[in-house]
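In my numbering, the protein residues as written are 1 to 348.
Below you'll find the structure, written out as structure tokens, and then a few comments.
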Amino acid sequence: MNFHSLTIKDLYKETNDSVVISFDIPEHLKKDFTFSAGQYVTIRKTLNGEEVRRAYSIWKAPYEDEISILVKKIENGVFSTYANQELKKGDTLEVSTPQGNFKLMPSQGKPIVLFAAGSGITPIISIVKQQLKVNNNNKVVLFYVNKTMDDIIFKDELEQLQKENPDTLVVHHLLTREENKDHLFSGRINKQKCKEFVEKGVLDLKAGDYYMCGPEQMILEIKEFLLDHKVNSDSIHFELFTSSSENKASTDFVDHAFVTVILDDDEFEFEYNISEASSLLDAGNEHGFDLPYSCKGGVCCTCKAKVIEGSAKMIKNYALSEEEVAQGYVLTCQTHPTSERLVVSFDE
Ligand SMILES: Cc1cc2nc3c(=O)[nH]c(=O)nc-3n(C[C@H](O)[C@H](O)[C@H](O)COP(=O)(O)OP(=O)(O)OC[C@H]3O[C@@H](n4cnc5c(N)ncnc54)[C@H](O)[C@@H]3O)c2cc1C
């Protein structure tokens, strides 16, 4: 993973507790920072003597040719508090090149449906804009949940997009802490709400693709509802910012292993002791390697690597597809060896 030091060319408050940060990309790095709608960058920063890495989705669409992120302030959050309270225009940050599997898919002439909650709008609005740009005959329906009207991120931009695409874009705002005249658009999105949407004809179960970004519970309920209603799992795409699920340790993990890591065509070896390591990623980095990572929670795919020899298992995985897992890919932040000899490659 390549980090580049980028200068902040613009920074403004989008809502009371979120800040938009746009970066100046020098001409020679423009190619490195090309991205697909829905992807994210990782920010690396040392705060209070400790290096932190955090992922942030790019909310601009690829055609806008700009790297811009929105950071929502989380209570006691290390980086989001710093970004909202201290960062200013002209400061520099270490920013990775764009990454991630959550991307706009070719829609094959069919409508797309998107669900977002709070700051989960960032990758979703990028997908909405790109879709409207590349194929503005396809209907785009967005369900967006916020606590109150004042919390709606990119409210003006969404209104503008609706004005520009009156026949294509439909945005349904849902509020959880303010009365909405229409009961249908009050409260969170769960299975019951999805059922009501279908009954009222606002949720199309024959769309081409479904995209979601928001709390885990919302994503799980919508996904289950869609699967129960015969939507193909390949058409359901989601991005999680954080996961609350319990860790499930495997009894197959070995106590001790010899591990070889391949990174940037170099090979490194180390001995792995499960009692000392929280994951394969941490063990490698504690041995002095610079293995790539971002969320360390199994929700992004920055630390993805492929098992070349031996075997390993993940504790949780919200980022790799079944196909990738079958091919031997693992999220190393969630992985422990299940064989005494293990070779993993970050280059595959
Ligand atoms: C692929 C990806 C894309 C992301 N894109 C965005 C984005 O566009 N905008 C954005 O604001 N954030 C985004 N995030 C979340 C972001 O990476 C950080 O997790 C978040 O900003 C909190 O970091 P922090 O250092 O302030 O909090 P930390 O110090 O890491 O955490 C403080 C506490 O808050 C909890 N927490 C962490 N994240 C969240 C969350 N999102 N909601 C509720 N509680 C949380 C932690 O579990 C911890 O208890 C994304 C995450 C991923 C994996």
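The C-beta atom is built at its ideal place from N, Cα and C for all residues, glycine as well.
Item, Value
"Nearest-angstrom Cα distance between E196 and K155?", "25 Å"
"Which residue from I219, E224, L205, I21 puts its Cα closest to that of S244?", "I219"
"Helix, strand or coil for V19? Go by DSSP, reduced to three states.", "strand"
"Below 7 Å, is the gap between the Cβ of Y144 and the nearest heavy atom of ligand 1?", "no"
"Do F35 and P62 have their beta-carbon atoms positioned less than 8 Å apart in this structure?", "yes"
"What residues in its chain sit with their C-beta under 6 Å from that of K147, if we drop five residues either side in the sequence?", "T176, R177"
"How would you call T302, buried or exposed, if buried means at least 16 neighbouring beta carbons within 10 angstroms?", "buried"
"Taking three-plus beta-carbon pairs below 8 Å as touching, is the stretch 167-176 in contact with the stretch 233-243?", "no"
"How big is the Cα-Cα spacing for K103 and E340?", "36 Å"
"Should the stretch 207-217 be called in touch with the stretch 116-130, which here means at least 3 C-beta pairs below 8 Å?", "yes"
"For G208 and T97, what's the separation of their Cα atoms in angstroms?", "29 Å"
"If distances are taken between C-alpha atoms only, which option among A312, T260, T338 comes closest to S345?", "T260"
"Measure the Cβ-Cβ separation of Y272 and A283 and say whether it is below 8 Å.", "yes"
"Taking the Cβ atom as the reference point for each residue, do F33 and R54 lie within a distance shorter than 8 Å?", "no"
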